[in-house]
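Numbering (the working numbering), first residue to last: 2 to 532. Input: a single structure, listed below in structure tokens.
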Ligand code: V55
Ligand code: FE
């Protein structure tokens with residue numbers, strides 16, 4: 002079923018569209034939109050009095066779907082099964098959790114960042130969550146209302162917050178230099194304490210060395226050096242076509258940076274890093290200046306614009322940047338990337354069109370859930386041949402989903418295993434397919450699936466190695482399960498990543514629903530502050 006597609010081949014659109022069928026409609030329920038929508042469904046369930054039924058209107062103060070706001074501490078959580086002896090560290094998560102009711106025209110990606118931690122040590126698990134208390138949170142807390150009412154539209158801001166960072170810090174988290182950095186791609190990170198989750202440095206600019214006004218939500222840790230390779234887009238100002246690429250040592254020293262330009266200003270959510278190259282992928286989720294002027298959000302989908310796959314050396318000045326062009330596509334997350342014999346390969350989740358139902362379509366087009374469904378897809382380009390202008394597209398797996406992961410020790414190296422929150426692709430009734438996690442083996446192109454059962458939705462998974470020097474993929478896969486029939490109550494499920502279909506080795510029970518999650522990150526015990 003996977004098909005090789007040459008982007009220069011004009012017939013490729015129809016050749017891969019024939020593989021779509023009705024089950025692909027389900028894709029939105031496991032994608033990013035699904036992750037946020039899942040959280041909103043449970044929020045609404047909680048907002049309504051028991052037995053009120055769906056017919057009663059939600060009270061206005063609860064109309065922001067993801068309003069939850071509960072900071073919590075649960076010591077020594079109840080566990081079914083046994084926390085493995087070789088699982089010690091912390092699983093961090095972050096997601097949007099609107100601080101006050103949002104403008105109804107705004108999108109779920111604009112909720113304020115709420116960080117969660119499962120601290121796992123010596124067979125016990127503590128759960129803690131805290132809002133990121135950055136300048137935005139503090140100003141709004143003071144005012145008692147939202148002062149930044151529209152996603153990445155500074156023109157709508159309350160005049161009182163002029164000059165403050167607009168960051169919601171709601172997208173991803175990573176440990177660096179003893180801090181937990183909470184990330185939003187339009188701003189510098191916020192730096193939190195790894196143990197208390199208190200915000201230590203609200204606007205962290207790496208001791209004033211950050212060569213960009215923004216910082217990606219998807220930095221990569223170099224598999225050889227441990228350095229953090231990252232970038233910022235719209236790097237020199239709102240709407241700019243400058244992208245800053247840079248690399249920091251674990252001690253916070255800036256060791257390389259370069260500036261490049263993109264063919265057009267689109268959402269550069271993730272990127273790929275290999276031993277020698279940085280790869281950017283420009284998709285037609287474009288800045289819409291008119292929409293912004295009219296008080297709308299930053300982005301809109303242009304369904305006729307082409308994609309651009311850009312490759313640049315990691316040690317140069319950016320002038321060798323080479324762009325390969327391809328058909329209209331969306332890819333927002335990288336599973337893994339590598340080089341082989343002068344070709345660069347980037348494995349992504351890819352859809353034909355806008356994957357987000359809440360992102361406007363340009364030109365009066367309708368959002369299409371089939372064309373918006375993502376599958377794991379390999380993009381590659383030939384760096385040896387100066388004459389090729391296109392990149393290649395190959396569907397790898399038939400499991401849908403938008404949040405693929407890998408063993409993060411292989412961020413910049415050749416890798417074998419990927420992991421994905423998905424749905425049972427073989428369900429008798431695809432419309433009711435259960436959620437699950439799948440492991441993909443790129444060496445054999447085989448998969449192993451864990452079916453989470455009915456009534457459960459799953460957040461993005463995260464891999465934790467059994468030891469710092471464990472083999473690739475030798476470890477645990479974990480993620481938060483939302484129990485739909487228990488008012489959205491949360492469980493952390495922990496599986497042996499090499500035996501997914503055996504089911505969880507441990508389930509950590511929360512007494513409440515978990516905070517919403519976009520991304521999560523594992524910090525092994527060897528990198529935790531010893532207190
Ligand atoms: C994504 C998530 C964001 C965002 C941009 O693809 C892209 C995911 C949670 O916020 O602002
Ligand atoms: Fe992301």
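C-beta atoms are modelled at their ideal positions from N, C-alpha and C, and glycine is treated no differently.
Residue i to residue j, Cα distance in whole Å?
{"i": "residue 491", "j": "residue 321", "result": "48 Å"}
{"i": "residue 318", "j": "residue 266", "result": "21 Å"}
{"i": "residue 533", "j": "residue 101", "result": "Because the chain in this structure spans residues 2 to 532, residue 533 falls outside the shown range and cannot be described."}
{"i": "residue 423", "j": "residue 277", "result": "32 Å"}
{"i": "residue 293", "j": "residue 488", "result": "37 Å"}
{"i": "residue 170", "j": "residue 133", "result": "7 Å"}
{"i": "residue 240", "j": "residue 407", "result": "32 Å"}
{"i": "residue 353", "j": "residue 74", "result": "42 Å"}
{"i": "residue 158", "j": "residue 300", "result": "17 Å"}
{"i": "residue 228", "j": "residue 286", "result": "30 Å"}
{"i": "residue 307", "j": "residue 330", "result": "7 Å"}
{"i": "residue 90", "j": "residue 324", "result": "40 Å"}
{"i": "residue 244", "j": "residue 251", "result": "22 Å"}
{"i": "residue 38", "j": "residue 517", "result": "Unreliable placement is indicated for residue 38, whose pLDDT of 39 sits below 50; the coordinate value is still reported in the next sentence. If I take the Cα positions, the gap works out to 10 Å."}
{"i": "residue 257", "j": "residue 249", "result": "7 Å"}
{"i": "residue 237", "j": "residue 421", "result": "34 Å"}
{"i": "residue 127", "j": "residue 522", "result": "16 Å"}
{"i": "residue 328", "j": "residue 389", "result": "15 Å"}
{"i": "residue 429", "j": "residue 106", "result": "38 Å"}
{"i": "residue 448", "j": "residue 419", "result": "9 Å"}
{"i": "residue 476", "j": "residue 441", "result": "15 Å"}
{"i": "residue 514", "j": "residue 117", "result": "12 Å"}
{"i": "residue 260", "j": "residue 78", "result": "47 Å"}
{"i": "residue 129", "j": "residue 469", "result": "25 Å"}
{"i": "residue 179", "j": "residue 92", "result": "15 Å"}
{"i": "residue 500", "j": "residue 528", "result": "26 Å"}
Between the options, which lies nearest to residue i when the distance is taken from Cα to Cα?
{"i": "residue 349", "options": "323, 182, 274 and 343", "result": "274"}
{"i": "residue 219", "options": "211, 237, 183 and 201", "result": "183"}
{"i": "residue 506", "options": "461, 226, 497 and 512", "result": "497"}
{"i": "residue 263", "options": "206, 221, 201 and 326", "result": "326"}
{"i": "residue 357", "options": "338, 341 and 332", "result": "332"}
{"i": "residue 226", "options": "504, 414 and 522", "result": "414"}
{"i": "residue 304", "options": "372, 261 and 468", "result": "372"}
{"i": "residue 288", "options": "200, 302 and 76", "result": "302"}
{"i": "residue 137", "options": "528, 282, 150 and 127", "result": "150"}
{"i": "residue 525", "options": "480, 409 and 519", "result": "409"}
{"i": "residue 188", "options": "181, 204 and 482", "result": "204"}
{"i": "residue 453", "options": "270, 502 and 412", "result": "502"}
{"i": "residue 361", "options": "76, 298 and 311", "result": "298"}
{"i": "residue 340", "options": "480, 313, 468 and 405", "result": "313"}
{"i": "residue 268", "options": "223, 347 and 334", "result": "334"}
{"i": "residue 109", "options": "92, 69 and 222", "result": "69"}
{"i": "residue 168", "options": "405, 197, 71 and 96", "result": "96"}
{"i": "residue 232", "options": "426, 223 and 279", "result": "279"}
{"i": "residue 284", "options": "359, 397 and 272", "result": "272"}
Any heavy atom of the ligand FE closer than 7 Å to the Cβ of residue i?
{"i": "residue 520", "result": "yes"}
{"i": "residue 159", "result": "no"}
{"i": "residue 218", "result": "yes"}
{"i": "residue 111", "result": "no"}
{"i": "residue 447", "result": "no"}
{"i": "residue 334", "result": "yes"}
{"i": "residue 172", "result": "yes"}
{"i": "residue 393", "result": "no"}
{"i": "residue 271", "result": "yes"}
May I ask whether a heavy atom of the ligand V55 can be found less than 7 Å away from the beta carbon of residue i?
{"i": "residue 308", "result": "no"}
{"i": "residue 268", "result": "yes"}
{"i": "residue 215", "result": "no"}
{"i": "residue 186", "result": "yes"}
{"i": "residue 155", "result": "no"}
{"i": "residue 97", "result": "yes"}
Quick check: does the Cβ of residue i come within less than 7 Å of any heavy atom belonging to the ligand GTP?
{"i": "residue 230", "result": "This structure simply doesn't include the ligand GTP; it includes the ligand V55 and the ligand FE instead."}
message: Is it the case that the segment 150-165 contacts the segment 126-141, given that we only count it when at least three CB pairs across the two stretches are under 8 Å?
response: yes
- prompt: At a cut of 8 Å, does the segment 364-381 reach the segment 193-210 through at least three beta carbon pairs?
  reply: no
- prompt: Taking contact to mean at least 3 C-beta pairs separated by less than 8 Å, is the segment 435-453 in contact with the segment 364-372?
  reply: no
- prompt: What are the complete beta strand (DSSP E) segments, minimum 3 residues, inside the segment 381-466?
  reply: 393-401, 418-424, 436-442, 447-452, 457-459 and 463-466
message: Going residue by residue through the segment 136-213, where are the continuous alpha helix (DSSP H) segments of at least 4 residues, counting only ones entirely within it?
response: 136-144
- request: With a floor of 3 residues, list each beta strand (DSSP E) that falls wholly inside the segment 315-350, ordered by position along the chain.
  value: 323-327 and 331-341
field: Complete beta strand (DSSP E) runs within the segment 265-303 (minimum length 3 residues, chain order)
entry: 278-283, 286-288 and 300-302
message: Between the segment 455-462 and the segment 82-91, can you find at least three pairs of beta-carbon atoms closer than 8 Å?
response: no
message: With three or more beta-carbon pairs closer than 8 Å as the criterion, would you say the segment 206-214 touches the segment 118-126?
response: no
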